[in-house]
Every structure is written in C-alpha cells, then in structure tokens.
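Novice:
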Amino acid sequence: MRVGFISRKYDDGYVGGDRILDDKTRKALSGFVQLSTLELHRDRTSASIVRAITRCGHPAHQIYASQENSALIADFSINNDAIVISHEGLIEPFLTASVDTPACLLLHNALSCAMGNLGVRGFFRGGAERLERRAFSRKATSAIVLSRRERLILEAEGWKNVASCPPGIRGVFQSPILRFEEEKIVVNGSTDWGLKRRDLDAFLKGFYSARLPITLTSENEISDDGTLRVAVVTDRFKTGFKLKAADLLCRNTALISFLDISDDFPRECAPSASLRVIRSPKDIPRAIQELRENFDTVVQEIEAIKRTMMESMSWERLGEVILLSIRQVVMDCVNSHPEVSRLGE
146 MRVGFISRKY
156 DDGYVGGDRI
166 LDDKTRKALS
176 GFVQLSTLEL
186 HRDRTSASIV
196 RAITRCGHPA
206 HQIYASQENS
216 ALIADFSINN
226 DAIVISHEGL
236 IEPFLTASVD
246 TPACLLLHNA
256 LSCAMGNLGV
266 RGFFRGGAER
276 LERRAFSRKA
286 TSAIVLSRRE
296 RLILEAEGWK
306 NVASCPPGIR
316 GVFQSPILRF
326 EEEKIVVNGS
336 TDWGLKRRDL
346 DAFLKGFYSA
356 RLPITLTSEN
366 EISDDGTLRV
376 AVVTDRFKTG
386 FKLKAADLLC
396 RNTALISFLD
406 ISDDFPRECA
416 PSASLRVIRS
426 PKDIPRAIQE
436 LRENFDTVVQ
446 EIEAIKRTMM
456 ESMSWERLGE
466 VILLSIRQVV
476 MDCVNSHPEV
486 SRLGE
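Under my numbering, the first residue of the sequence shown is numbered 146, with each subsequent residue one higher.
1) Using the rule of at least 16 other Cβ atoms within 10 Å of the residue's Cβ for burial, across every protein chain shown, is I353 buried or exposed?
2) Three or more C-beta pairs closer than 8 Å, one from the stretch 461 to 481 and one from the stretch 395 to 403: is that the case here?
3) Please work out which residues of its chain come closer than 7 Å, Cβ to Cβ, to V307, disregarding the five sequence neighbours upstream and downstream, and give them in chain order.
4) Should T442 go down as buried or exposed, given a rule of 16 or more other Cβ atoms within 10 Å for buried?
5) With a Cβ-Cβ cutoff of 8 Å, do T362 and K329 count as a contact?
6) Per DSSP, what kind of secondary structure is E446 in: helix, strand or coil?
7) Check the DSSP bridge columns for Q179 and list the partner residues they point to.
8) Go ahead and label G313 buried or exposed: buried means 16 or more other beta carbons lie within 10 angstroms of its beta carbon, across all protein chains shown.
9) Going by beta carbon distance, what residues of the same chain come within less than 6 Å of S459, once the five residues before and after it are set aside?
10) Under the three-state reduction of DSSP, which class applies to K329: helix, strand or coil?
11) What span of residues does the beta strand (DSSP E) with R424 cover, start to end?
12) Do you know offhand how far V148's Cα is from K169's?
13) In whole angstroms, what separates the C-alpha of G339 from that of I236?
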C-alpha cells in the first residue's frame, strides 16, 4: 500500500512535541507501508490568517490554509492509495483540495475539545466545530486522537470512525523504588507554547509567594536510583495528550496536577493513587503528605502503569492503529466504489 504522510514544515532547531510526534510516527509507518512525505509551509499573509480564523477557529500561528498548500495536497494524493493528515491545522487546506483519496486525520489536538478546555466560547469554538463537521462528513475519512478523553467527546458528538491511541514513551526505569523524595519537586512546565508559558509563570509566581519549604528542580535531575519523586504538572488546560506526564510516571515520579489528567490515558494505565489534584501551589505540601502516607500503594500503581505502558504505548503501536484505520476507510471506499477495487494492493 502506498501511503502519503502530510505534515507541517518545522523551523530548524525546533524540537517541540508536535515535531517529535510527526517524526516518530513517520518512522513507525515506514515499517508497514510504502511511505512518501509532504511538508507544508505556513501562509503568513493577513488574508490567510483572517480566512483560517473565520473558517477554522484555529490559532493564527498555525495557519496553513493557502491555495498553494491545497494544490500540493491534490497533486501529492494522486500517487497514493491513502493519505495521513498529521495535525488539525492542515484540515482546511486538505478539505479545500477536494481529493477523493481515503484519508486518516491524525489530530494532535481535537480542535473543538481544545477550544472548550481553553475556555474559548462562541465564534472561535463554533469555527472549530464547523471545521470538524466538514471533515467528518467527508466520505472515506477516519480520525485518530491521542487521548481517551477526546475520543469519548467526539464520539458523544456523533462522529464515526474515531480511534484513540497515545504516543510512544521513551522507556521505563528498572530500579526498585525504595525511598521517597519529599524535599524537592520536579517542575513539568514548558515555554514552547504561549498557554504553557502562561501557566508555568503563574505557577512559579504562586509557588514563590507561598514561601514553601520545598526546592524546585528540573527533569534533568531525575535518575534511576530507586527514588520515588514528585513532579508538578503546571498546565491548567486539557488538550491533546500529556506525554511528559506519562514519561514522568515511567521514570518513577508521582504527579501533582491542577487538573485531573487521568482521562488522557488508556483506562488500563490511568493514574489514580499516583496523581494528586490541587487548586493552588499552597496545596502542594498536603499532596506530598498524601503521597508519602500511601507510599506502598503509589509504588504498586506506578509499577503496574509502567508494565502496561510498555505494552500499549509505543510508536509502533500508534503506527499499527493508523494503518488499521487507513485499511478500514480504504475498504469502505472499495465497497462503495467497485471500480477502485485494486486500491491498497
């Protein structure tokens, strides 16, 4: 089967999670199919920004809705049995291209879910919902989301052919957990995205104002030394999948979060005892105390989560789910149009 993978063109040196997702997914898919790639550039013109916001409700810094990109998608699709559209920011140029090729949408964030969780209402969220409605009403189209939560939301809204599969993890610590670190906590925040910077800055301001007897440290100081550590996830919004949180659990680190992020994870490896939800940095000592008092239960859960994640969260698994989704829409297309019965051979 010839599959085309369409993604965004990233700036040199950029190493954000969206680029990692694209690179790892491409590599995984290339082990299953004959894969070709197309990278699309942003259209920074004012007209493109206005058009994309009014039609997509999508942040202006991820605008790819240009006639040039739609033409590239149309030409690229001709030579492939199916295509993967990696990132919701590419939905608009894909739909405008009006191609008949079976397609799988790999949504880094489901737009309507993201807009709702970011507190965006009215016009912009409506644009996101209209865009998704247009995409899901297209024949021979399926979608992959990264979190169980977003799949359940989209299914509740009536969308069909939606599957969920989390990204791959980096690996797991092997040393048995024997002690608890309660004087230092790891800060899991990011400056890659404005919203993440906002939440990280707000956390740091609140933390230092509270004058807590706790030292902040970075993920670089985590080692496989048999210590149960604690990390605080500073994000105050839900969208996509908290891959760094999954990596922290695999590195023997319990989580303190401002949100209940357990529904991001597949049900069989969702954190419970190893996740404490707080409202303010002032609640951190209480959360640490609860983790310490339930040390054995937390350790047992983290060990079980690691075993499950090793089996269910890999880039190869994501590639397999995408391939299954592609084959399903290809077969739907074949059944609807007998003249394309050789598709996918």
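Glycine included, C-beta positions come from ideal geometry on N, C-alpha and C.
Specialist: Once the coordinates are examined:
1) For the purposes of this step, residue 353 is identified with residue 208 of the sequence shown, where counting begins at 1. Sequence check: residue 353 is Tyr here, not Ile. Per the 10 Å Cβ criterion, exposed.
2) no
3) To locate residue 307, count along the sequence shown from 1; it is residue 162. The residues are A288, V290, R296, L299, E300.
4) Mapped onto the sequence shown, residue 442 falls at position 297. Exposed, by the Cβ-count rule.
5) Here residue 362 refers to the residue found at position 217 of the sequence shown. Here residue 329 refers to the residue found at position 184 of the sequence shown. Going by C-beta atoms, T362 is nearer than 8 Å to K329.
6) For the purposes of this step, residue 446 is taken as residue 301 along the sequence shown, with counting starting at 1. Here E446 sits in helix by DSSP.
7) Taking the sequence shown and counting its residues from 1, the one referred to as residue 179 is at position 34. In the DSSP output, where bridge partners are listed per residue, Q179 has R147.
8) Reading the sequence shown from its first residue, position 168 is the one you call residue 313. Label assigned to G313: buried.
9) In the sequence shown, residue 459 corresponds to position 314, counting from 1. Hits under 6 Å: G313.
10) For the purposes of this step, residue 329 is identified with residue 184 of the sequence shown, where counting begins at 1. Note: K329 maps to strand in three-state DSSP.
11) What you label residue 424 is simply residue 279 of the sequence shown in a count that begins at 1. Taken as a continuous stretch (DSSP letters only), R424 belongs to no beta strand (DSSP E), as it is neither H nor E.
12) Within the sequence shown, numbered from 1, the residue matching residue 148 stands at position 3. Within the sequence shown, numbered from 1, the residue matching residue 169 stands at position 24. Taking the straight line from one Cα to the other gives about 16 Å.
13) The count along the sequence shown starts at 1 and reaches residue 339 at position 194. The count along the sequence shown starts at 1 and reaches residue 236 at position 91. So the two alpha carbons sit approximately 22 Å from each other.
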